[in-house]
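Reading through the structure tokens given below for one structure.
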Amino acid sequence: MSYVTPMAKRKGLKLFGSPNELFLVAAILVLSLIIGLSNPVFFSIATPFDLVRSSLIEILFALGLLLVLVSGGIDISFPIVGIFAGYTSVVIMQTYGLDTYSLWIPLVLAAIVGAILGSINALLIAGFGLPTLIATLGTAGMFRGFLLSYVGSAFLANIPLGLDQFATADLISVETSAGTLARLHVLVIPVLILAVAIAFLMRRTMFGRTIFAIGGNEESARRMGMNVRWTKAQLYILVGTLSGVAGVLFISLQRKADPYDLAGTELEIIAAVVLGGASIMGGYGTVTGTILGVLLINLIKDNLILLGVDGAWQRAAVGLMLLIGVCSQAISDKRRIKQAVTVSEEKS
Numbered sequence: 001m002s003y004v005t006p007m008a009k010r011k012g013l014k015l016f017g018s019p020n021e022l023f024l025v026a027a028i029l030v031l032s033l034i035i036g037l038s039n040p041v042f043f044s045i046a047t048p049f050d051l052v053r054s055s056l057i058e059i060l061f062a063l064g065l066l067l068v069l070v071s072g073g074i075d076i077s078f079p080i081v082g083i084f085a086g087y088t089s090v091v092i093m094q095t096y097g098l099d100t101y102s103l104w105i106p107l108v109l110a111a112i113v114g115a116i117l118g119s120i121n122a123l124l125i126a127g128f129g130l131p132t133l134i135a136t137l138g139t140a141g142m143f144r145g146f147l148l149s150y151v152g153s154a155f156l157a158n159i160p161l162g163l164d165q166f167a168t169a170d171l172i173s174v175e176t177s178a179g180t181l182a183r184l185h186v187l188v189i190p191v192l193i194l195a196v197a198i199a200f201l202m203r204r205t206m207f208g209r210t211i212f213a214i215g216g217n218e219e220s221a222r223r224m225g226m227n228v229r230w231t232k233a234q235l236y237i238l239v240g241t242l243s244g245v246a247g248v249l250f251i252s253l254q255r256k257a258d259p260y261d262l263a264g265t266e267l268e269i270i271a272a273v274v275l276g277g278a279s280i281m282g283g284y285g286t287v288t289g290t291i292l293g294v295l296l297i298n299l300i301k302d303n304l305i306l307l308g309v310d311g312a313w314q315r316a317a318v319g320l321m322l323l324i325g326v327c328s329q330a331i332s333d334k335r336r337i338k339q340a341v342t343v344s345e346e347k348s
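So that you can map any letter, position 281 of the sequence shown is 281 in this note's numbering, and since no number is skipped, the others follow by simple counting.
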């Protein structure tokens, strides 16, 4: 599920097992060993199941953000789009008496709302040419204010039956030696399918290649005849749709609808995607690395207490991971530039 640029293909790099991804796998294994030796409770079947469950929604958000970063942009609004779409779908269903066992109704509603909000980002970025950071920072505040002022600001404990039942839909349920149940949620299957679909989109379609081209050099992509503005518009609508679906599924797993949820989670998701190898300058990123980055970030967040670290240091740890990811990219970029200059001098 990785993407390699044309230059990487010419150098013969493999599609799987890039150095960055291998480093993440090693980091997860080493950190797991350290945590397990500190607290043997960690070594139980419930631990990987809980880690996967806590990562599923973030993976959905991260896959959308991955596409944005590869295109050379940044999106700050996706958590707000997610909770806006999810909370709005619950309110609509309650208002119009659609409290059914169907999961598709809230999913479709959230996807539509997310696409509408994404189209606003698309209009500002692709239509008016605003910088992505400024545009999405502004829309994040605008969406949040509209949600709390006009949709609702109340905590909703009773969510639609379909969403409530989906929260307990287990793919695997295993009783541990302690007598508790270790559950692997069924959502892992559609998330994996979506991850494969995104990887295919990035590697095998013209849309995906255009995103990489825009991230590499937007002006060059435009001169090659690629429709940069239309691709950007499609991209942000797609990200809005993914965020909307992720938001309503978050509400389902939490079994409550709180319009104040998800705000501020953009830091850890950006950190996970960057740590997974996506370049903040655009032009490179992999689905595999993104998933591994999310798993590593959640492993750190969920188990700091087992290491005797105060939970208040969670955001500090996430910020450190973001800096590590950016610094590693900067070092790699300098090395590649130096190698390219050396090769050019040798040819001349």
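Cβ coordinates follow ideal geometry from the N, Cα and C atoms, glycine included.
Check                                                                                                           : Outcome
Where ASP261 sits in the DSSP three-state scheme                                                                : coil
Beta-carbon proximity list for GLN254, same chain, < 6 Å, skipping 5 on both sides                              : none
Own chain, CB closer than 6 Å to GLU58, minus 5 neighbours either side, in chain order                          : ILE269 and VAL294
Counterpart residues of GLU21 in DSSP-defined beta bridges                                                      : According to DSSP, which records beta bridges pairwise, GLU21 is partnered with nothing at all.
Own chain partners of ILE280 with C-beta closer than 8 Å, once the 5 adjacent residues on each side are dropped : LEU69, ILE74, VAL274, VAL326 and GLN329
Euclidean distance between Cα positions of TYR124 and LEU192                                                    : Correcting the residue identity first, residue 124 is Leu in this sequence and not Tyr. Computed Cα separation, rounded: 32 Å.
Buried or exposed by the 16-neighbour rule on C-beta atoms within 10 Å, applied to VAL248                       : buried
Three-state class that DSSP yields for VAL186 in the structure shown                                            : coil
Local Cβ density within 10 Å of SER149, reported as buried at 16 or more and exposed below that                 : exposed
Residue environment, GLY72, which counts as buried when at least 16 other CB atoms sit within 10 Å              : buried
Residues near ALA272 by beta carbon distance below 6 Å, same chain, minus five either side                      : ALA62, GLY293, VAL294 and ILE297
Proximity winner among PRO160, GLY118 and ARG203, relative to ILE80 (alpha-carbon distances)                    : GLY118
Assigned secondary structure, ILE172 (DSSP; H/G/I helix, E/B strand, else coil)                                 : strand
Residue range of the unbroken alpha helix (DSSP H) whose run includes LEU60                                     : 46-70
LEU24 versus VAL309, GLY289 and ALA167, residue with shortest Cα-Cα distance                                    : GLY289
ILE331 to GLY285 span [Cα, whole Å]                                                                             : 16 Å
Cross-strand partners of LEU156 (DSSP beta bridge)                                                              : ALA257
Outcome for THR100 when other beta-carbon atoms lying within 10 angstroms are tallied against a minimum of 16   : exposed
DSSP-derived helix/strand/coil call for LEU103                                                                  : coil
For MET93, the first and last residue of its enclosing alpha helix (DSSP H)                                     : 78-95
Cβ distance (whole Å) where ILE251 is taken to contact GLY86 below 8 Å                                          : 5 Å
Given 8 Å, three or more beta-carbon pairs between the stretch 211-227 and the stretch 46-58                    : no
Three-way DSSP call (helix, strand, coil) for LEU98 in this model                                               : coil
Span separating the alpha-carbon of PHE43 from that of LEU33                                                    : 9 Å
Cβ neighbours of LYS334 in the same chain (closer than 7 Å, five flanking residues each side left out)          : none
Buried or exposed by the 16-neighbour rule on C-beta atoms within 10 Å, applied to LYS338                       : exposed
Inter-residue spacing [alpha-carbon to alpha-carbon] between LEU161 and GLN94                                   : 11 Å
Proximity test, Cβ basis, 8 Å: MET93 and chain C                                                                : In the structure shown, chain C cannot be found, because there is only a single protein chain.
Cβ shell of MET206 (< 7 Å), same chain only, five flanking positions each side left out                         : none
Cβ contact (3+ pairs, closer than 8 Å) linking the stretch 309-324 and the stretch 44-51                        : no
Alpha-carbon spacing of ASN39 relative to PHE49, whole angstroms                                                : 17 Å
Anticipated Cβ contact below 8 Å, ILE318 with ALA199, distance rounded                                          : Residue identity differs from the one stated: residue 318 is Val in this sequence, not Ile. That pair is no contact at about 25 Å.
Opposing strand residues paired with LEU181 [DSSP bridges]                                                      : GLU175
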